[in-house]
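Each residue of the sequence shown is one higher than the one before, counting from 221 in the working numbering.
All C-beta atoms, glycine included, are put in the ideal place defined by N, C-alpha and C.
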Amino acid sequence: MGMGADLGTSVRDALDGAVTAIGAAGCQTPRLDAEVLLADILGVDRARLLTDRELTVAGPAVRAFQNAVRRRAVEREPVAYITGRRGFRHIELRVDRRALIPRPETELLVEVALALPRGARVLDVGTGSGAVALALAQERPDLHVSGSDVDGDALALARANGERLGLPVRWLRANLLDGVPDELDAVLANPPYVAVGEQAVLAPEILRHEPSRALFAGADGLDTIRALLAQLAARERVRLVALEIGAGQGEEVARLMRDAGFATIRGERDLAGIERVVVGERGSQ
Numbered sequence: 221m222g223m224g225a226d227l228g229t230s231v232r233d234a235l236d237g238a239v240t241a242i243g244a245a246g247c248q249t250p251r252l253d254a255e256v257l258l259a260d261i262l263g264v265d266r267a268r269l270l271t272d273r274e275l276t277v278a279g280p281a282v283r284a285f286q287n288a289v290r291r292r293a294v295e296r297e298p299v300a301y302i303t304g305r306r307g308f309r310h311i312e313l314r315v316d317r318r319a320l321i322p323r324p325e326t327e328l329l330v331e332v333a334l335a336l337p338r339g340a341r342v343l344d345v346g347t348g349s350g351a352v353a354l355a356l357a358q359e360r361p362d363l364h365v366s367g368s369d370v371d372g373d374a375l376a377l378a379r380a381n382g383e384r385l386g387l388p389v390r391w392l393r394a395n396l397l398d399g400v401p402d403e404l405d406a407v408l409a410n411p412p413y414v415a416v417g418e419q420a421v422l423a424p425e426i427l428r429h430e431p432s433r434a435l436f437a438g439a440d441g442l443d444t445i446r447a448l449l450a451q452l453a454a455r456e457r458v459r460l461v462a463l464e465i466g467a468g469q470g471e472e473v474a475r476l477m478r479d480a481g482f483a484t485i486r487g488e489r490d491l492a493g494i495e496r497v498v499v500g501e502r503g504s505q
């Protein structure tokens, strides 16, 4: 590097300052957040960020990093919205405020669907960024995968992700199963499941930045799940349903599934040991 006026700041110093600011704001993972943001701005992966002694933060990157840290610390904006990207299973998705940020626990829905028979027709209801539908299409190209959302903006994001990844998912604008063709073998959903009264306990990242319509579902958080299972009761072709749920909702969701005609029901736990996905299968007829 020449002896120009702007030698920049070392990566370590830039990170230390950012970690202090992000930590002081009450964020849970300040070092990880700072590293992901700086790696994104410098166009390198985190491993290189931490091992390449030659890297500095100079020129336009200084202002860009300051701005990213301010968005994270002051506005409590989620890292994935700042970088515009989020990894999910084996794919990387573009994400923005049109849809929820895909969570690691939602990968359980994909894992459940990997066991479906060859050529099954699967719908990801409330697809958001398209995460579940696209990950499944990538890992099981033999399946016929569709994704639906009631929100046109979210669906546009999902469609753009599908085009960028080159994955053949069919996108449908629909409120749950209204108007969806009766050809489905399996339905997956990460529906809104937060009770309206629980707004106060949600992190500011979620409350201020993520779309509320994708989070809240009535007084007990089960309004959307109730409506979906009521529709599934009349669709006997659907042999399997898998729903992501909130902590403590498993028993009630299992009861609703039984009422809808799903005889065999099991829960799948996430890495924190919380029952996170409930799976229902119809008995053989």
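Check: Contiguous beta strand (DSSP E) assignments of at least 3 residues, all confined to the stretch 449-476; Outcome: 460-464
Check: Cβ neighbour criterion (16 or more within 10 Å) applied to residue 402; Outcome: exposed
Check: Separation of residue 306 from residue 317, as counted between CA atoms; Outcome: 13 Å
Check: Proximity of residue 315 and residue 405 at Cβ, strictly below 8 Å; Outcome: no
Check: Secondary structure of residue 505, DSSP reduced to three states; Outcome: Residue placement at residue 505 is flagged as unreliable, the pLDDT there being 47, under the threshold of 50; a coordinate-derived value is accordingly withheld.
Check: Selection from 331, 464, 481 that minimises the alpha carbon distance to residue 450; Outcome: 481
Check: Nearest to residue 382 (by Cα), restricted to the options 477, 313, 475, 321; Outcome: 313
Check: CB contact flag (residue 384, residue 369, <8 Å); Outcome: no
Check: Exposed unless 16 or more other CB atoms sit within 10 angstroms - verdict on residue 349; Outcome: buried
Check: Expected contact under 8 Å - CB spacing of residue 365 and residue 353 to nearest Å; Outcome: 5 Å
Check: Same chain, Cβ closer than 8 Å to residue 453, five either side skipped, listed in chain order; Outcome: 479, 480, 481
Check: Span separating the alpha-carbon of residue 222 from that of residue 277; Outcome: Low local confidence applies: a pLDDT of 39 at residue 222 is under 50, so the model's placement there is unreliable, with the coordinate-based value given in what follows. Near 15 Å, if we compare the C-alpha coordinates of residue 277 and residue 222.
Check: DSSP-derived helix/strand/coil call for residue 500; Outcome: strand
Check: Whole-angstrom distance between residue 338 and residue 528, CA atom to CA atom; Outcome: Lying before the first or after the last residue shown, residue 528 is absent from the chain, which here runs from 221 to 505.
Check: Separation of residue 458 from residue 505, as counted between CA atoms; Outcome: With a pLDDT of only 47 at residue 505, under 50, the local geometry of the prediction cannot be trusted, and the value read off the model is given with reservation. About 12 Å.
Check: Cross-strand partners of residue 312 (DSSP beta bridge); Outcome: 307
Check: Close-in-space but distant-in-sequence residues of the same chain around residue 355 (CB under 8 Å, 5 per side omitted); Outcome: 308, 309, 310, 311, 327, 330
Check: Residue 389 - containing alpha helix (DSSP H), residue span; Outcome: It is not in any alpha helix (DSSP H) - residue 389 carries neither H nor E in the DSSP assignment.
Check: Residues that DSSP places opposite residue 484 in a beta bridge; Outcome: 501
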